[in-house]
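Here's the structure, in structure tokens; my notes come after.
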Amino acid sequence: MVDADQTFVIVGGGLAGAKAAETLRTEGFTGRVILICDERDHPYERPPLSKGYLLGKEERDSVFVHEPSWYAQNDVELHLGQTVDAVDRAARTVRFGDDGTLVHYDKLLLATGAEPRRLDIPGTDLAGVHHLRRLAHAERLKGVLTALGRDNGHLVIAGAGWIGLEVAAAARQYGAEVTIVAPSPTPLHSVLGPELGGLFADLHREHGVRFHFGARLTEIVGQDGMVLAARTDTGEEHPAHDVLAAIGAAPRVALAEAAGLEVASRAHGGGIVVDERLRTSDPHVYAAGDVVSFPHALFDTRLRVEHWANALNGGPAAAKAMLGQDVTYDRVPYFFSDQYDLGMEYSGWAPPGSYDQVVIRGDAGKREFIAFWLKEGRVLAGMNVNVWDVTGPIQSLIRGRSSVDVEALADPRVSLESLLA
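Be aware that the sequence shown starts at 10, since it is given in my numbering, and climbs by one per residue.
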């Protein structure tokens with residue numbers, strides 16, 4: 010067991026950091042645990058920000074990882090609204106940004122997450138330009154959507170990824186007019202490819218969303234600080250009262266870079282480079298969550314995964330590795346989404362170009378099916394749409410790495426379990 014006099018510091022108060030602190034205590038660590046969060050809210054989960062909470066179906070308190078009293082009860086020193094502006098690896102200290110206080114660590118976990126990419130165009134300083142990453146963003150956006158729905162207002166969304174589509178669904182349910190502008194040929198193109206992206210375009214069009222693909226915003230036009238319209242590089246001008254920038258997220262690696270830790274290039278997804286134990290290039294420093302670039306033997310590549318399950322599982326894995334346990338972090342990537350009456354779960358990793366076949370099991374027209382992405386007969390990823398309790402066998406097929414009978418895979422009468430090698 011790790012010496013009780015040791016101090017473990019966690020920088021980042023999101024789900025990964027909070028679950029790491031919890032795991033340290035449940036695994037019996039009796040030393041000092043310091044959790045530093047740059048937000049003033051207690052650690053919370055992000056999926057409700059674009060789903061239940063944004064729609065008004067979940068209360069604000071439901072998003073928090075733990076009850077506020079949990080931290081004191083478990084002797085976790087929680088510093089809210091505090092930043093760390095430097096890591097001295099030689100001295101093993103972190104420095105608080107507000108007053109320069111130095112805190113010693115024996116092991117350090119960086120769970121600094123990601124931040125929204127910004128639109129680099131004129132007009133982004135207008136009051137009606139929004140991002141969605143933090144609880145404060147969601148609270149503001151909730152009020153914006155309510156007002157847009159009441160006044161028949163227009164929301165323009167830059168980007169057709171998961172955040173853009175989920176906010177579009179919420180906005181339409183509030184009654185707002187929605188236009189999505191994206192450079193891709195379909196929604197979610199970089200994740201689902203053209204075969205399935207069109208399904209989400211059809212879903213949103215049925216609910217009144219307008220798409221403009223193959224275009225980018227070039228200017229947000231305003232007057233007296235308010236948004237009036239959004240212009241694109243294809244010469245169009247869309248009326249807008251508010252604009253949401255949903256063009257992806259960038260890993261928050263500045264602290265790691267300044268400390269001299271290895272960081273992946275943007276071409277390779279960015280992120281702090283770690284090994285299979287989530288250990289950085291410094292053996293006393295670990296990283297977890299959205300900020301991590303980790304090796305995945307199953308897909309023979311490095312991955313940086315920005316989804317809830319990666320934070321949920323990565324934080325505990327890093328904590329156990331910090332305690333000296335034998336850890337190999339190789340979870341199959343997983344995420345979920347809810348849009349209108351469509352619910353889906355996705356497991357695996359199959360970006361365009363990595364697969365040679367898409368197999369549909371079920372009725373895509375009714376939006377009750379499972380899609381599989383295959384390479385030479387091997388399942389790389391699976392997405393279940395309005396079909397439930399199949400994540401386990403889908404992930405087992407992915408982990409099996411064996412060729413499957415494609416006809417049987419497409420036949421709903423054949424159990425997925427029977428296809429496992």
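Backbone N, C-alpha and C fix where the C-beta goes; we use that ideal spot for every residue, glycine too.
A quick note: this is a predicted structure, and the numbers were derived from the prediction, not measured.
- The shortest C-alpha to C-alpha distance from E385 to any of G280, G231, S363 is the one to S363.
- Per the C-alpha coordinates, the member of E54, L383, D115 positioned closest to D14 is D115.
- No Cβ-Cβ contact shorter than 7 Å links V314 with Q404.
- In this structure, the beta-carbon distance from D94 to L164 does not fall below 7 Å.
- Leaving aside the five residues that flank D420 on each side, the residues in its chain whose CB is nearer than 8 Å to its CB run, in chain order, R370.
- A contact between stretches requires three or more CB pairs, one per stretch, nearer than 8 Å, and the segment 279-294 fails this requirement with the segment 167-179.
- In this structure, the alpha-carbon of H216 lies about 32 Å from that of D233.
- Straight-line measurement puts the Cα of K151 at about 6 Å from the Cα of L63.
- L406 sits buried, since 16 or more C-beta atoms from the chains shown fall within 10 Å of its C-beta.
- When the alpha-carbon of T310 is set against those of D12, P57, V283, F73, the nearest one is in V283.
- With a cut-off of 8 Å on Cβ pairs, the segment 387-401 is not in contact with the segment 219-230, counting fewer than three such pairs.
- CA-CA distance, G333 to F73, rounds to 29 Å.
- H113 is the residue among F105, H113, V42 whose C-alpha sits nearest the C-alpha of A99.
- Between M235 and L135 a beta carbon distance of about 7 Å is seen, short of the 8 Å cut, so the two are scored as contacting.
- In this structure, I256 is the residue among A145, A123, I256 with its C-alpha nearest to the C-alpha of S199.
- Counted as a single uninterrupted DSSP element, the alpha helix (DSSP H) harbouring N319 occupies residues 317-331.
- In the pairwise beta carbon analysis, the segment 46-53 is classified as touching the segment 73-82: at least three pairs are separated by under 8 Å.
- Taking the Cα positions, A268 is about 19 Å away from E124.
- Take P192, set aside five residues on each side of it, and the residues of its chain with a beta-carbon closer than 8 Å to its own are F222, G223, A224, R225, in chain order.
- K28 sits away from G352, with the two beta carbons spaced by 7 Å or more.
- Linking L154 to E377 through their CA atoms gives a straight-line distance of about 29 Å.
- Counting along the chain, H113 sits inside the beta strand (DSSP E) bounded by residues 111-113.
- If you draw a straight line from the Cα of H213 to the Cα of A273, it comes to about 35 Å.
- Across the structure, V367 and I43 are spaced so that their CA atoms are roughly 47 Å apart.
- CA-to-CA, the gap between D108 and A30 works out to about 24 Å.
- H277 is the residue among E245, A249, A318, H277 whose C-alpha sits nearest the C-alpha of P260.
- Counting only residues of its own chain and dropping the five nearest sequence neighbours on each side, V262 has a CB closer than 8 Å to the CB of T121, V272, G279, G280, I281, V300.
- In the same chain as G401, and ignoring 5 residues on each side of it, no C-beta atom comes closer than 7 Å to its own.
- Shown here for R286: same chain residues with a beta carbon closer than 6 Å to its own, the five before and five after excluded, namely A330, V336 in chain order.
- According to the DSSP assignment, H293 belongs to no alpha helix (DSSP H), since it is labelled neither H nor E.
- By the 16-neighbour rule on beta-carbons within 10 angstroms, G173 is buried.
- Beta-bridge partners assigned by DSSP to L226: T241.
- Bounds of any alpha helix (DSSP H) do not take in W382; it lies within the beta strand (DSSP E) bounded by 377-384.
- Residue range 16-20 is occupied by the beta strand (DSSP E) that includes F17.
- In the structure shown, Y349 falls within a coil segment according to DSSP collapsed to helix, strand and coil.
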